[in-house]
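Student: In this note's numbering, the protein residues as written are 38 to 447.
The beta-carbon is built from N, C-alpha and C at its ideal position, and this holds for glycine as well.
Below you will find the structure I want to go over with you.
What follows is the structure, given as structure tokens:
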């Protein structure tokens with residue numbers, strides 16, 4: 038089992054790099070250079086290829102092997118990073134990202150999304166039921182570590198290293214990962230899919246996916262469980278920046294510090310699952326704590342808007358600690374949720390497992406992408422107070438949803 042987990046950890050770490058780059062590095066840089074919250078938020082629309090994973094997941098199910106798909110997609114990611122290294126970094130006074138940079142970031146997300154489908158196929162096929170807890174812990178922790186290295190880590194190093202050097206470093210990392218994907222014995226041992234087994238008639242594909250026990254409930258839960266958390270998490274650091282917090286401090290705490298707490302939470306979630314905690318019971322307890330943490334962040338924002346309030350060192354400390362707490366609780370929630378997702382996909386026929394998991398993962402991403410993209414628009418239009426009130430309500434919905442969970446997922 039250790040060989041499987043080490044392979045998954047290495048590949049999921051690399052897969053987290055594009056997300057960290059666009060969720061951690063670019064928003065702080067763009068906001069620091071004067072872009073509106075709306076423009077900063079809308080750059081997350083570049084994640085669009087991740088929402089189309091279901092379009093090519095059947096192709097990964099039917100053709101080729103995980104090793105080929107992983108190798109080709111990872112090599113392409115290195116090539117895109119090499120092209121990004123040739124571009125100048127964002128500078129003060131520009132109204133948005135240059136078109137060529139947006140196109141390359143879109144290609145980066147496209148390559149990462151194809152890589153994700155192949156890697157999820159590997160995980161679903163390799164992991165035994167008793168390995169789901171440790172396997173999903175490795176998946177979530179490694180992905181978040183990659184996100185932290187490309188987000189907060191690069192933001193801290195940005196004043197020291199040049200823009201080209203940073204992207205050349207990313208390119209070299211991708212090419213090393215491509216070599217690992219090609220040489221890994223576990224990938225070479227997986228059987229190639231047979232067209233006759235993996236090619237159900239297209240009109241019935243979605244019907245077959247939805248017929249898998251527990252799919253309707255799982256799809257609804259993963260679509261909603263992160264709405265409030267992601268909206269608040271993407272907006273809160275930017276509002277702290279507006280109140281005088283430094284970009285470097287936010288990069289350190291909302292990047293490396295918060296993700297460290299998130300990794301600790303994911304690890305704790307995996308340890309509890311390994312000790313035979315039921316994922317749904319764990320989710321119920323931690324989601325309630327997460328709701329309380331978001332209420333504290335909302336109260337802090339109301340305090341900062343009162344006359345005479347300032348972001349003094351004590352207030353900054355409390356704000357940064359609230360970020361870390363939410364990331365810690367979010368890590369536990371994510372590990373438990375991904376375990377539920379993979380358990381549900383393993384109930385599907387083997388010929389549909391990768392596509393089924395891609396369906397759930399696409400909905401999970403959509404539930405995270407929408408609030409992160411629209412949070413800035415809502416804050417500019419409604420104000421941060423109404424936004425955070427809405428996020429509180431959205432964070433309460435998955436707690437109610439757990440009471441409707443089907444028995445085959447408990």
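Quick check for students: name the residue ranges of the alpha helix (DSSP H) that lie wholly in the stretch 273 to 325, counting only runs of 4 or more.
Tutor: As far as the stretch 273 to 325 is concerned, its whole alpha helix (DSSP H) runs of at least 4 residues are 284 to 287 and 295 to 311.
Student: Using the three-state DSSP reduction, which class does residue 250 fall into: helix, strand or coil?
Tutor: Looking at residue 250 - three-state DSSP - the assignment turns out to be coil, as it is neither helix nor strand.
Student: Taking its Cβ as the centre, do 16 or more other Cβ atoms sit within 10 Å of residue 300, making it buried, or is it exposed?
Tutor: Answer is buried; the Cβ neighbour count reaches 16.
Student: For residue 204, I'd like the list of residues in its chain whose CB is within less than 8 Å of its CB, leaving aside the five on either flank, ordered along the chain.
Tutor: Counting only Cβ-Cβ distances below 8 Å, and skipping sequence neighbours, we find 118, 119, 121 and 122.
Student: Taking the straight line between their C-alpha atoms, what separation do you get for residue 278 and residue 170?
Tutor: Their backbone Cα atoms lie some 37 Å apart in a straight line.
Student: Quick one: give me the first and last residue of the alpha helix (DSSP H) that residue 173 is part of.
Tutor: 169 to 185 is the extent of the alpha helix (DSSP H) around residue 173.
Student: Buried or exposed for residue 92, going by 16 or more other Cβ atoms inside 10 Å?
Tutor: By the 10 Å Cβ count, residue 92 comes out exposed.
Student: If residue 434 and residue 261 are in contact, beta carbons under 8 Å, what's the gap, nearest whole angstrom?
Tutor: Between residue 261 and residue 434 the Cβ distance is about 5 Å, and since that is below 8 Å, they are a contact.
Student: Given this structure, state the Cα-to-Cα distance separating residue 214 from residue 321, to the nearest angstrom.
Tutor: Rounded to the nearest angstrom, the two C-alpha atoms are 37 Å apart.
Student: Would you mind stating whether residue 372 and residue 173 have Cβ atoms separated by less than 7 Å?
Tutor: Against a cut-off of 7 Å, the Cβ pair of residue 173 and residue 372 comes out as a contact.
Student: Between residue 286 and residue 427, what straight-line distance do the alpha-carbon atoms span, to the nearest angstrom?
Tutor: Taking the straight line from one Cα to the other gives about 28 Å.
Student: Have a look at 149, 314 and 267 and flag the residue whose alpha-carbon is nearest the alpha-carbon of residue 328.
Tutor: The shortest C-alpha separation from residue 328 is found at 267.
Student: For residue 219 and residue 105, what's the separation of their Cα atoms in angstroms?
Tutor: Their backbone Cα atoms lie some 7 Å apart in a straight line.
Student: Who are the Cβ neighbours of residue 439 in its own chain at under 7 Å, not counting the five residues just before and after it?
Tutor: Within the same chain, residue 439 has close Cβ partners 317, 320 and 321.
Student: Going by C-alpha distance, which of 249, 140 and 382 is nearest residue 161?
Tutor: Minimum Cα distance to residue 161 is reached at 382.
Student: Anyone know if the C-beta pair for residue 108 and residue 152 falls short of 7 Å?
Tutor: Going by C-beta atoms, residue 108 is not nearer than 7 Å to residue 152.
Student: Taking only the alpha-carbon atoms, compute the straight-line gap between residue 249 and residue 394 and give it to the nearest angstrom.
Tutor: For residue 249 and residue 394, the distance between alpha carbons rounds to 11 Å.
Student: Below 8 Å on the Cβ atoms is my contact criterion, and I expect residue 181 with residue 404 to pass it. Report the Cβ-Cβ distance as a whole number of Å.
Tutor: About 17 Å; that fails the 8 Å criterion.
Student: Could you name the residues of the same chain whose beta carbon sits closer than 6 Å to that of residue 40, not counting the 5 residues immediately before and after it, in chain order?
Tutor: Same-chain partners within the cutoff: there are none.
Student: Going by DSSP, what residue range makes up the alpha helix (DSSP H) through residue 401?
Tutor: It spans 390 to 419 - the alpha helix (DSSP H) in which residue 401 sits, taken as one unbroken run.
Student: If you draw a straight line from the C-alpha of residue 48 to the C-alpha of residue 211, how long is it?
Tutor: Going from the Cα of residue 48 to the Cα of residue 211 covers about 10 Å.
Student: Using 10 angstroms around the beta-carbon of residue 363, count the other beta-carbons present and answer buried if the total reaches 16, otherwise exposed.
Tutor: By the 10 Å Cβ count, residue 363 comes out buried.
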